[in-house]
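Going left to right, the sequence shown walks through residues 658 to 1328 as our numbering numbers them.
These notes are about the structure you will find just below.
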Amino acid sequence: MEPEYLEKLNRQQRAAVEYGVKDGVAKPAGPLLIIAGAGTGKTHTLAYRVAHLLASGADMNRVLLLTFTRNAAKQLIRRSAAIVRDALNVDVAELPYAGTFHAVGAQLLKEFAEQVGLQPNFTIRDRSDAADMMDMVRHKLGFSASEVHFPDKNVCLAIYSYKINSCQSVERVLSTKFKGCRKWRSKLKRLFKAYRVSKREQNVLDYDDLLLYWARMLRKPEIAKQLQDRFQYVLVDEYQDTNRLQSKILLRLKPDGRGVTVVGDDAQAIYSFRAATVRNILGFPDQFSPKARIIKIEENYRSTGPILDACNGVINLSRQAYSKKLWSKRASKIKPCLITVQNEADQARYITDEILRAKEEGVPFSSQAVLMRASHHSLKLEIELGRRNIPFVKWGGIKFLEAAHIKDVLSVLRWCENPSDEIAGFRVLKLLPGVGPGIAARVLKQLKQWPGALHIDRVDAPNGAAENWPAFVKVLAALRTPEWPSEVPEIIKWYLPLMKHDNADLRAADLDQLSLIAGTYQSREKFLMEVTLEPPEATVGPRKNARPDDDDHLVLSTIHSAKGQEWSRVTILNAVNGAIPSTKATNADDVEEERRLLYVAMTRAKDILELIIPHRFLSYRDNSPIVDLFSSPTRFIPASLNRYFKRKTAGGFNGPHGGSKKLIASARSGY
């Protein structure tokens, strides 16, 4: 008999779920590529595939599930476990190998650390700490004292990270992505070499190392054979967002592709700035012989038919895509609307009017969103929303682990876990009144006499810090024999009187939250690893123009931040050339990614979709307005797609869009 749970799937979903299972028995088959369009139930399908493999005899200890967020992994495991429990009345424990590429990489590196030249107690730096370390090395090499400004720490780290993840040379990265830094090629190569040496000396890894060392592990035949045998099934979510290094890991792990399933949508590949490449998913079938099986899932459960017709029209003009046609049983006579307004002020007024009108008609603020290509595009709208008292939250802001007071406490834990971590130690020492960079550096140098443990009690109290030194020594000495997680409240108790920030009550509440989070982990090592690899999603501080107790608020979001979300009513700002596509799209691949960005934005809408076209548009450089231009509608919606849209004007606009040819040419030259 066929399992009853398979009846809940449509024909395409079921084909993907049942692949490699015959007569109720799972056996690793050739590679499978599932092209799951926007809103087609990708997570649903992948969860059912995991469940069906487990229900058909696959060993959960031999399943590797790779996702792009820990929450995605948890959601997939939770759904799969529920399906198996309902079908077989069997409880499935948590998959031992499931999570982000970086988290699983860290897990495996802990196991094989010594075989790849690492000490097992290595610690992991988050992006901001890695940038601080890059800055320290940059300063030691004397590059910060250059007469001509050398790239700052964040730019240097971005170049290094892009080089690692794209598997390209420094020369190639500088010539294609960071052209303004080409003059520093030789110094950057020296900096990156010194940065790698410093990491080894301090026994620390950054995010990129977790992938780099995993790939290196798989170049060792004995480790590769062990992991190839261990993982019978490998499933990868959001494959369109992988970079070349992640693709290498997958191909080395499963060179013949047997048991491999990758899921994704090439039309939603929008992260090239992180070194992700759409070519991974476009070229996936040809990586194997015989080629991978392709199953497309095209029934959309989110949007109405007219919205999908417009979305299909936009993306099918792409030259880089699997052919697909999203469709829906959700009938509607309401087409997406292109609204022309005079300028960005009229755009803001029109949007707020429509938001309030929709609210009066029963659409909550929380079911509405305004999406934009760049964060600064919403400045006029934010002012208008505030004037009209419309609560909103703008996604972004200071992330939880990026807040100074959170990083201060985590640095204490990191330093105690790994006494060689100079960046953590430097930050902690400078918390003490009377201790500046010079004194902190001298203390760190003195501590090197006693490697392997943090013997701060053997260091003489620095001048100017004598009053606070005994309590400091007492706290660190206690942490040498940790009593997890009770040590976290003790650190916070010591830290609060030293905190150099305003809004002390809010900061203390954040630290209480950190203590609660720590209590959910089994050990300090596990907490530091996982909280760095997958930070809490909360942000620090109140939401913008929204009361903390108010759940009904409008969402303002960049398109990148909106991926994976949906709303009943979606408005897209500035659907004009110069915004979508961005002026920074300088080659064919960049332009195609901009097209995919518009597609992602449009497919967020369930019922109503509006794209606003201001007749005049402020051109920006480095997030600052430079000139007010006559605009032209986005090239991604040419006249050939007119049948999919309704057009109208608003805000008193009654002129021909874009002005004369001369004005349009002038506008384009200004971008």
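Even glycine gets a Cβ: it sits at the ideal position worked out from N, Cα and C.
Can you have a look at residue i and say buried or exposed, based on whether 16 or more other CB atoms are within 10 angstroms of its CB?
| i | result |
| --- | --- |
| Tyr-705 | buried |
| Val-794 | buried |
| Tyr-958 | exposed |
| Leu-907 | buried |
| Phe-807 | buried |
| Ile-991 | exposed |
| Ile-951 | exposed |
| Lys-679 | exposed |
| Lys-797 | exposed |
| Gln-859 | buried |
| Val-1069 | buried |
| Thr-1189 | buried |
| Pro-1348 | Coverage of the chain is limited to positions 658 through 1328, which leaves residue 1348 absent and any answer about it impossible. |
| Lys-665 | exposed |
| Gln-1179 | exposed |
In three-state DSSP terms, what is residue i?
| i | result |
| --- | --- |
| Asp-1264 | strand |
| Leu-875 | coil |
| Arg-1304 | strand |
| Trp-1126 | helix |
| Lys-1051 | strand |
| Leu-1028 | strand |
| Ala-683 | strand |
| Leu-1089 | coil |
| Val-935 | coil |
| Lys-856 | helix |
| Glu-1039 | helix |
| Ser-843 | helix |
| Lys-882 | helix |
| Gly-612 | Since the first and last residues shown for the chain are 658 and 1328, residue 612 lies out of range. |
| Ser-1239 | strand |
| Pro-1271 | strand |
| Thr-1228 | strand |
| Ser-904 | helix |
| Val-1020 | coil |
| Ser-801 | helix |
| Ser-651 | Residue coverage of the chain in this structure runs from 658 to 1328, which leaves residue 651 outside it and unanswerable. |
If you draw a straight line from the alpha carbon of residue i to that of residue j, how long is it in whole angstroms?
| i | j | result |
| --- | --- | --- |
| Glu-1182 | Lys-1303 | 57 angstroms |
| Asp-1003 | Arg-987 | 33 angstroms |
| Gly-1308 | Tyr-1007 | 7 angstroms |
| Leu-710 | Lys-1150 | 49 angstroms |
| Ala-1335 | Ile-1040 | The requested residue 1335 does not occur in the structure, where the chain is confined to residues 658 to 1328. |
| Leu-1185 | Lys-982 | 45 angstroms |
| Ser-685 | Gly-677 | Inspection of the sequence shows that residue 685 is occupied by Pro rather than by Ser. Straight-line Cα distance between these residues: approximately 6 angstroms. |
| Thr-1291 | Asn-1234 | 5 angstroms |
| Gln-885 | Pro-1271 | 55 angstroms |
| Ala-673 | Leu-690 | 9 angstroms |
| Ser-826 | Gly-714 | 45 angstroms |
| Asp-748 | Asp-1065 | 41 angstroms |
| Ala-1081 | Ser-1239 | 39 angstroms |
| Ser-1024 | Leu-1038 | 18 angstroms |
| Asn-1046 | Asp-1169 | 32 angstroms |
| Val-682 | Arg-668 | 20 angstroms |
| Ala-654 | Lys-810 | Given a span of 658 to 1328 for the chain in the structure shown, any question on residue 654 remains unanswerable. |
| Ala-1262 | Gln-977 | 24 angstroms |
Quick check on the DSSP output: the beta strand (DSSP E) that includes residue i runs from which residue to which?
| i | result |
| --- | --- |
| Ala-693 | 689-693 |
| Tyr-928 | That residue, Tyr-928, is in no beta strand (DSSP E); it is neither H nor E in DSSP. |
| Gly-921 | 917-921 |
| Gly-1221 | Unbroken run through Gly-1221: none, as it is neither H nor E. |
| Thr-833 | Element bounds for Thr-833: not the beta strand (DSSP E) but the alpha helix (DSSP H), 827-833. |
| Gly-756 | 755-757 |
| Thr-724 | 720-724 |
Between which two residues does the alpha helix (DSSP H) containing residue i stretch?
| i | result |
| --- | --- |
| Tyr-1256 | 1245-1259 |
| Thr-700 | 699-712 |
| Cys-994 | Element bounds for Cys-994: not the alpha helix (DSSP H) but the beta strand (DSSP E), 994-998. |
| Pro-1152 | The amino acid occupying residue 1152 in the given sequence is Tyr; Pro does not appear at that position. Unbroken alpha helix (DSSP H) run through Tyr-1152: 1144-1152. |
| Thr-1138 | Neither: Thr-1138 is in no alpha helix (DSSP H) and is coded neither H nor E. |
| Lys-1105 | Lys-1105 -> no alpha helix (DSSP H), and no H or E assigned at all. |
| Ile-952 | Where Ile-952 is concerned, there is no enclosing alpha helix (DSSP H), although the beta strand (DSSP E) it sits in stretches over 950-954. |
* Asked: So does the segment 886-896 actually touch the segment 904-918, counting three or more Cβ pairs closer than 8 angstroms?
  -> yes
* Asked: Is the number of C-beta pairs between the segment 772-784 and the segment 1060-1076 that are closer than 8 angstroms three or more?
  -> yes
* On the three-pair Cβ rule with 8 angstroms, is the segment 877-884 touching the segment 1086-1104? -> no
* Does the count of Cβ pairs from the segment 954-971 and the segment 1228-1247 closer than 8 angstroms reach three? -> no
* Segment contact, 8 angstroms Cβ cut-off, at least three pairs: the segment 1097-1114 with the segment 1214-1226 -> no
* On the three-pair Cβ rule with 8 angstroms, is the segment 834-848 touching the segment 862-872? -> no
* Asked: Can we say the segment 972-982 touches the segment 922-942, given the rule of at least three CB pairs closer than 8 angstroms?
  -> yes
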